[in-house]
Amino acid sequence: MKIRITTLTLVACLSATPLQAQVIDPGLWEITSPNMEIDGWKMPSVPEILGSLPQEQRQNMEGILRQRGVELAGQDVRVCLTREQVEANELPLQDPQSGCRQQITDRNASAWKFRFECPDTRGTGEARFISSKEFQTTIDSTFTTGNVERSGKVETHSRWLQADCGAVKPVQ
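According to mature numbering (1 follows the signal peptide of the UniProt record, and there is no 0), the sequence shown holds residues -21 to -1, 1 to 151 in order.
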């Protein structure tokens, strides 16, 4: 269970990865995770993981994701990025109270590299900007569950859907 929660938290926190002023458009984004691995083992998608939880636990996790601005959409997730977020030149990765720190280590018009450290997770990543409406992200991390250190890898593909986010709150 701890691995599932860690995976969900990692995806929720890192799904809205690096932004650079005017590199991507604000609005509603759909994020697919074609590859999520823990210790080299392929993991199911976030909706599949949530679907395997007991109903009360699933609803609780969906609520946590929703509060962070992450909505489930079939096998994908959707996030809303505001104009202020895309112009901020920062990483809107997680709740400021999470204890996480992040740093952009290299950036240019087509890619950002970054590293992050949270109480139980640390890692590096890269976002490659294909256009203002599409980017891909790769994240490699290590995290601790119990007394066991594990490795994780997440690859995402993000595509812009529309300027209006509708009922989806901005990612936090």
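Backbone N, C-alpha and C fix where the C-beta goes; we use that ideal spot for every residue, glycine too.
Under 9 Å between C-beta atoms of V133 and E16: Along the sequence shown, read from residue 1 onward, the residue named residue 133 stands at position 154. Along the sequence shown, read from residue 1 onward, the residue named residue 16 stands at position 37. Cβ distance < 9 Å, so V133 and E16 count as in contact.
Three-state class that DSSP yields for M40 in the structure shown: Along the sequence shown, read from residue 1 onward, the residue named residue 40 stands at position 61. DSSP places M40 in helix when its eight states are reduced to three.
Where the beta strand (DSSP E) containing V56 begins and where it ends: Numbered from 1 along the sequence shown, position 77 holds the residue referred to as residue 56. It spans 55 to 60 - the beta strand (DSSP E) in which V56 sits, taken as one unbroken run.
Cβ-heavy atom distance, D85 to the ligand COA, below 8 Å: By its list of ligands, the structure shown contains no ligand whatsoever, and the ligand COA lies outside what it can speak to.
C-alpha gap between R94 and C79, whole angstroms: As a working note, residue 94 is residue 115 in the sequence shown. As a working note, residue 79 is residue 100 in the sequence shown. Each residue's CA atom was taken as its position, placing R94 and C79 some 11 Å apart.
Cβ shell of D119 (< 6 Å), same chain only, five flanking positions each side left out: Looking up residue 119 in the sequence shown gives position 140. Taking C-beta separations shorter than 6 Å and ignoring five residues to either side along the sequence, the partners of D119 in its chain run G102, T103, K132, following chain order.
P26 in three-state terms, based on DSSP: Walking along the sequence shown from the start, residue 26 turns up at place 47. DSSP, read as helix, strand or coil, puts P26 in helix.
Residue from P149, E27, V127 whose Cα sits closest to the Cα of residue 160: The question about residue 160 has no answer here: the residues shown for the chain are numbered -21 through 151.
Rounded separation between A(-1) and G6 - CA only: Reading the sequence shown from its first residue, position 21 is the one you call residue -1. Reading the sequence shown from its first residue, position 27 is the one you call residue 6. Unreliable placement is indicated for A(-1), whose pLDDT of 45 sits below 50; the coordinate value is still reported in the next sentence. So the two alpha carbons sit approximately 14 Å from each other.
Exposed unless 16 or more other CB atoms sit within 10 angstroms - verdict on Q64: Taking the first residue of the sequence shown as position 1, residue 64 is located at position 85. Buried, by the Cβ-count rule.
Residue of W20, T123, Q34 minimising C-alpha distance to E96: Numbered from its first residue, the sequence shown carries residue 96 at position 117. For the residues W20, T123, Q34, the minimum Cα distance to E96 belongs to T123.
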